[in-house]
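So for the sequence shown, my numbering puts the first residue at 6; every next one is plus one.
Report on one structure; see the data block that follows.
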Amino acid sequence: MTTTHATVDLDRLRDRARELRRTLLQMIAEAGSGHPGGSLSAADIVAALYFHELRHDPRRPDWPDRDRFILSKGHAVPVLYAALAECGYFDRNLLHTLRRLGSPLQGHPSVRDLPAVEASTGSLGQGLSIGVGEALAGRLDRRDYRVFVMLGDGECDEGQVWEAAMSAAHYGLSNLVAIVDANGFQLDGATGEIMDLGRLEEKWAAFGWDAVTIDGHDMAQVVQALAVPRPDWSGASAPGRPASARRPRAIIARTVKGKGVSFMENNNEFHGRAPTAEELARALAELDEGGAAR
6 MTTTHATVDL DRLRDRAREL RRTLLQMIAE AGSGHPGGSL SAADIVAALY
56 FHELRHDPRR PDWPDRDRFI LSKGHAVPVL YAALAECGYF DRNLLHTLRR
106 LGSPLQGHPS VRDLPAVEAS TGSLGQGLSI GVGEALAGRL DRRDYRVFVM
156 LGDGECDEGQ VWEAAMSAAH YGLSNLVAIV DANGFQLDGA TGEIMDLGRL
206 EEKWAAFGWD AVTIDGHDMA QVVQALAVPR PDWSGASAPG RPASARRPRA
256 IIARTVKGKG VSFMENNNEF HGRAPTAEEL ARALAELDEG GAAR
């Protein structure tokens, strides 16, 4: 299966996102550990990427012309595993092995263990630097793939993020997209209390990016923001052309941590705690009710 840009079916993408939420919660509950809050907040964006925007082929995870997706906030990997399994990158039975010793589905993405993963991440702040390297390689090789990197807003505390942001603008990487899953929380509490990042859109713009803020759960806005043109290195985005035509894009996606499950939403207790069996049943029921009500 090769996924390419096609007519947008927003309801189908919303259904996909709900299924990702169901799957990741079941995985984490079965494992007894994991990060449900940040996985749930990212589900709509990941669904839009894998089931609409990305050019990829599950039969060829190393296809040179594939679009790249790097999950810099690696602790939210259950949502990525759920999407990869749904696309057919691996047997869904593997989802039952999350975080087990010897499983390819480790608690953070590992290229060594799962080829469908684009980069090993988890040490926060490093994913965007990897994305800059991938995007530079695409430009040097004159390939038209794009590189999408998802960061957490708490992760933007890391200085390396801003070094990478400067590099991307300096090199005119119009094939690079940073998506900030801005759910307002990090491990120890609210991001605004731990390290207030101020106006993120203006900050990314000041670093030379084409920055936009969206509702990260409004599928129409998500799809529109992710629709970044493929680079034409012989044309307007070629090196040597005005920087205004060669800017990378930053999407500040305002999201809700624990989105879709009432008792998890904005409840930082679920940053890194698995739901109990009772909580899982309640969460799945709420997700089912939400889908039926739409």
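Cβ coordinates follow ideal geometry from the N, Cα and C atoms, glycine included.
(request) May I have the straight-line CA-CA distance separating residue 225 from residue 61, to the nearest angstrom? (result) The sequence position of residue 225 within the sequence shown is 220, counting from 1. The sequence position of residue 61 within the sequence shown is 56, counting from 1. If you take the alpha carbons of residue 225 and residue 61, they lie about 21 angstroms apart.
(message) Let me check understanding here. Comparing Cα to Cα, which of 113, 96, 70 and 88 lies closest to residue 81?
(response) Position 76 of the sequence shown, counting from 1, holds the residue named residue 81. Closest option to residue 81, Cα to Cα, is 113.
(message) Which same chain residues end up closer than 7 angstroms to residue 230 when comparing Cβ atoms and leaving out the 5 residues on each side of it in sequence?
(response) Taking the first residue of the sequence shown as 1, we reach residue 230 at position 225. Taking residue 230 as the centre and dropping the five residues before and after it, the same chain places the C-beta of 217, 219 and 256 closer than 7 angstroms to its C-beta, in chain order.
(request) Ignoring anything shorter than 4 residues or poking outside the segment 105–173, list the alpha helix (DSSP H) runs there in chain order. (result) Segments of the alpha helix (DSSP H) lying fully in the segment 105–173: 132–145.
(request) Have a look at the DSSP bridge pairing and note the partners of residue 45. (result) Indexing the sequence shown from 1 puts residue 45 at position 40. Answer by DSSP bridge pairing: none, since residue 45 is not bridged.
(request) If I'm right that residue 150 touches residue 67 with Cβ under 8 angstroms, what's the distance once you round it to whole angstroms? (result) Here residue 150 refers to the residue found at position 145 of the sequence shown. Here residue 67 refers to the residue found at position 62 of the sequence shown. Contact flag wrong, Cβ pair sits at about 12 angstroms.
(request) Report yes if the CB atom of residue 3 is closer than 8 angstroms to the CB atom of residue 33, and no otherwise. (result) Only positions 6 to 299 of the chain appear in the structure, and residue 3 is not among them; the question remains open.
(request) Indicate the three-state DSSP secondary structure (helix, strand or coil) for residue 67 in the structure shown. (result) The residue given as residue 67 occupies position 62 in the sequence shown. Reduced to three states, the DSSP call for residue 67 is coil.
(request) Kindly indicate the opening and closing residues of the alpha helix (DSSP H) around residue 281. (result) If you number the sequence shown from 1, residue 281 lands on position 276. Counted as a single uninterrupted DSSP element, the stretch harbouring residue 281 is not any alpha helix (DSSP H), since DSSP gives it neither H nor E.
(message) Mapping the DSSP letters down to three states, classify residue 259 as helix, strand or coil.
(response) Walking along the sequence shown from the start, residue 259 turns up at place 254. Look at residue 259 here: in three-state DSSP terms it is strand.
(message) I need the straight-line Cα distance from residue 152 to residue 143, nearest angstrom please.
(response) As a working note, residue 152 is residue 147 in the sequence shown. As a working note, residue 143 is residue 138 in the sequence shown. Going by the C-alpha atoms only, they are around 9 angstroms apart.
(request) Measuring only between beta-carbons, confirm whether residue 100 sits less than 8 angstroms from chain B. (result) No chain B is part of this structure, which consists of one protein chain only.
(request) Compare the beta carbon distance of residue 137 and residue 125 with 8 angstroms and say whether it is the shorter of the two. (result) Sequence index remark: in the sequence shown, residue 137 carries index 132 (1-based). Sequence index remark: in the sequence shown, residue 125 carries index 120 (1-based). Cβ atoms of residue 137 and residue 125: not closer than 8 angstroms.
(message) Using the Cβ count rule (16 or more neighbours within 10 Å means buried), how would you classify residue 282?
(response) By one-based count along the sequence shown, residue 282 stands at place 277. Residue 282 should be labelled exposed.
(message) Helix, strand or coil, according to DSSP, for residue 36 in the structure here?
(response) Translated into positions along the sequence shown, residue 36 becomes position 31. In the displayed model, residue 36 falls within a helix according to three-state DSSP.
(request) Under 8 angstroms by Cβ, that's how I've got residue 163 and residue 129 pegged, so tell me the actual separation to the nearest angstrom. (result) Numbered from its first residue, the sequence shown carries residue 163 at position 158. Numbered from its first residue, the sequence shown carries residue 129 at position 124. About 6 angstroms separates the Cβ atoms of residue 163 and residue 129, confirming a contact at the 8 angstroms cut-off.
(message) For residue 194, list the residues DSSP reports as bridge partners.
(response) Numbered from its first residue, the sequence shown carries residue 194 at position 189. 191, per the DSSP bridge assignment.
(message) Just to confirm before moving on: does the CB-CB distance between residue 253 and residue 179 stay below 8 angstroms?
(response) By one-based count along the sequence shown, residue 253 stands at place 248. By one-based count along the sequence shown, residue 179 stands at place 174. Cβ distance < 8 angstroms, so residue 253 and residue 179 count as in contact.
(request) Pull up the distance between the alpha-carbon of residue 168 and that of residue 92, whole angstroms please. (result) The residue given as residue 168 occupies position 163 in the sequence shown. The residue given as residue 92 occupies position 87 in the sequence shown. Going from the Cα of residue 168 to the Cα of residue 92 covers about 34 angstroms.
(message) Can you tell me whether residue 106 is buried or exposed? The criterion is at least 16 other CB atoms within 10 Å of its CB, across all chains shown.
(response) As a working note, residue 106 is residue 101 in the sequence shown. By the C-beta density criterion, residue 106 is exposed, having fewer than 16 other C-beta atoms within 10 angstroms.
(message) Quick check on residue 203: buried or exposed, where buried means 16 or more other Cβ atoms within 10 Å of its Cβ?
(response) As a position in the sequence shown, residue 203 is number 198, starting the count at 1. It counts as exposed.
(request) Return the CA-CA distance between residue 267 and residue 175, expressed in angstroms with no decimal places. (result) Numbered from its first residue, the sequence shown carries residue 267 at position 262. Numbered from its first residue, the sequence shown carries residue 175 at position 170. Each residue's Cα considered, the two are about 43 angstroms apart.
(request) Could you tell me whether the Cβ atoms of residue 64 and residue 295 are closer together than 8 angstroms? (result) For the purposes of this step, residue 64 is identified with residue 59 of the sequence shown, where counting begins at 1. For the purposes of this step, residue 295 is identified with residue 290 of the sequence shown, where counting begins at 1. With contacts defined by Cβ atoms closer than 8 angstroms, residue 64 and residue 295 do not form a contacting pair.
(message) Run through the DSSP bridge pairs and tell me what residue 74 is partnered with.
(response) Counting from one through the sequence shown, the residue named residue 74 turns up at place 69. Looking at the DSSP assignment, residue 74 forms a beta bridge with 153.
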